[in-house]
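Quick note: the sequence shown uses UniProt numbering, first residue 1, plus one each step. Heads up, the beta-carbon is just placed ideally off N, CA and C, and yes, glycines get one too.
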Amino acid sequence: MSTQVRTLEGHVGMPLFEQLGKKIYLTQAGEELLHFCRAIIQQFDEAEDAMAQLKGIAGGKLNVAVISAGDYFFPQLMVAFARQHPGVQLNLTVHNREELLDKLAANRTDLAVMVRPPAELDTQNDAFAPHPYVIVAAPDHPLAAARHGRIPMSDLIRHPFVIREPGSDTWFSMQDAFGPHLAELSVAMEIKSTETIKQAVIAGIGLGFLSFHTIGRELAARSLVVLEVEGFPLMLNWYVVHRREKRLPPVARAFRQFLLDEGEARIDALIPSS
C-alpha cells in the first residue's frame, strides 16, 4: 500500500498524507483528491446501474443492506428470490442502524431493510411484514417461574435488563415500549450484539428486550422464554427502503415486489409465532 501511495504522490507532485505521531492524516491536496475520487466512484456506480438496466433481472446483482435483526431470516428470503430468478447475484450486508443509514445516504446499496425508515433522508418506505418485539428471560427467572396473567410494567422494571446500545433500532423500539418507564430501568449490561444479549439473558444476568424474529432457536431449545407482559408484544413493521430519486435496477425492483407480495408469509413460515 505504501508503494501505491508513493506512486500516487509522485504522479500528483504533492504529498497526500502526513504523519503526526502514530496517526496519519490527509493533507489539503489529499482532501481535494479524495473529493474527486468519491465523485469518480459515484459515477462508476451510476454506470453499473445503467448497465444493470440493460441486463434485466437475470444476471443482475441484488444489493441489500439489513439491520442486524434481519440476519436471522433475510438470507433465506434472498435465496428464495434467487430460485425464482436463476442467474441473479446476491450481495447482503448486515449493519447497525447508523451504519445502514450511512450506506443508504452514500448510495452504496440499492435497498435497505429496517424497522424505522429515516426521517432525515428522502426515501420510499414500504412495510412488508409485522415485526414483534418481546421481553425474554431465562426459564428459571423469577418472573418466568411465577407467571399468573400478564406481568404489569411496574413489576417488570424492578428487574435488571441487558439492553442494546442507544441509537440502535432496538433501543428506539424500547423507547416506544417503555415510554417514561425507560428512565427507571435498571441496566445490568449494554451490549451491541443481539447474540451476546441472548447469552447474557440465558446466563441470568437480566431480562432482554428483543425482536421475536431473533429468538427462534432459543425458544425451540427452551433456553429462553417469552414473558407475558402488559402492552407486549410491541408490534412494529419491517420496511423495505430506497432513496426516492434512485433509479432501481430491474433486479432490485423485482426483489422489492417479492418482499411486498411474499415477505410476510415467508417470514411466518421460517419463524412460527408459537
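Report the option in the options whose CA atom is closest to the CA atom of residue i.
| i | options | result |
| --- | --- | --- |
| residue 267 | 238, 255, 243 and 25 | 238 |
| residue 60 | 75, 85, 44 and 72 | 85 |
| residue 96 | 77, 67 and 71 | 67 |
| residue 12 | 58, 134, 28 and 19 | 28 |
| residue 167 | 255, 100, 94 and 39 | 100 |
| residue 228 | 270, 151, 73 and 269 | 151 |
| residue 222 | 182, 231 and 136 | 136 |
| residue 74 | 87, 58, 57 and 94 | 94 |
| residue 83 | 269, 271 and 255 | 255 |
| residue 214 | 207, 233, 271 and 230 | 271 |
| residue 226 | 89, 72 and 133 | 133 |
| residue 182 | 198, 159 and 199 | 159 |
| residue 89 | 252, 263, 269 and 259 | 252 |
| residue 259 | 47, 112 and 6 | 112 |
Kindly indicate the opening and closing residues of the alpha helix (DSSP H) around residue i.
| i | result |
| --- | --- |
| residue 250 | 250 to 270 |
| residue 153 | 153 to 156 |
| residue 219 | 216 to 221 |
| residue 100 | 97 to 105 |
| residue 10 | 2 to 12 |
| residue 62 | Premise fails: residue 62 lies in the beta strand (DSSP E), 61 to 67, not in any alpha helix (DSSP H). |
| residue 201 | 194 to 202 |
| residue 162 | Looking at the DSSP string, residue 162 is not in any alpha helix (DSSP H); the run it does join, the beta strand (DSSP E), is 161 to 163. |
| residue 178 | 169 to 178 |
| residue 143 | 142 to 145 |
| residue 77 | 74 to 84 |
How many angstroms separate the CA atom of residue i from the CA atom of residue j?
| i | j | result |
| --- | --- | --- |
| residue 312 | residue 103 | With the chain covering only 1 through 274, there is no way to say anything about residue 312. |
| residue 91 | residue 41 | 18 Å |
| residue 261 | residue 128 | 8 Å |
| residue 187 | residue 161 | 5 Å |
| residue 177 | residue 265 | 25 Å |
| residue 184 | residue 157 | 7 Å |
| residue 149 | residue 44 | 59 Å |
| residue 257 | residue 23 | 47 Å |
| residue 65 | residue 224 | 28 Å |
| residue 15 | residue 26 | 9 Å |
| residue 30 | residue 106 | 20 Å |
| residue 18 | residue 39 | 23 Å |
| residue 175 | residue 233 | 14 Å |
| residue 206 | residue 230 | 19 Å |
| residue 202 | residue 208 | 10 Å |
| residue 216 | residue 236 | 18 Å |
| residue 131 | residue 77 | 15 Å |
| residue 145 | residue 58 | 54 Å |
| residue 72 | residue 198 | 13 Å |
| residue 62 | residue 247 | 14 Å |
| residue 189 | residue 69 | 19 Å |
| residue 4 | residue 81 | 41 Å |
Assign residue i to one of two classes, buried (16 or more other C-beta atoms within 10 Å of its C-beta) or exposed (fewer than that).
| i | result |
| --- | --- |
| residue 196 | exposed |
| residue 249 | buried |
| residue 34 | exposed |
| residue 114 | buried |
| residue 110 | buried |
| residue 194 | buried |
| residue 154 | exposed |
| residue 8 | exposed |
| residue 164 | buried |
| residue 36 | exposed |
| residue 211 | buried |
| residue 220 | exposed |
| residue 20 | exposed |
| residue 87 | exposed |
| residue 119 | exposed |
| residue 79 | exposed |
| residue 10 | exposed |
| residue 263 | buried |
Could you give the residue range of the beta strand (DSSP E) that holds residue i?
| i | result |
| --- | --- |
| residue 137 | 123 to 137 |
| residue 17 | 17 to 20 |
| residue 113 | 111 to 114 |
| residue 243 | 234 to 243 |
| residue 187 | 187 to 190 |
(request) Inspect the CB distances between the stretch 241 to 259 and the stretch 117 to 133 and report whether three or more fall short of 8 Å. (result) yes
(message) Under 8 Å: do the stretch 166 to 175 and the stretch 141 to 155 share three or more Cβ pairs, one atom per stretch?
(response) no
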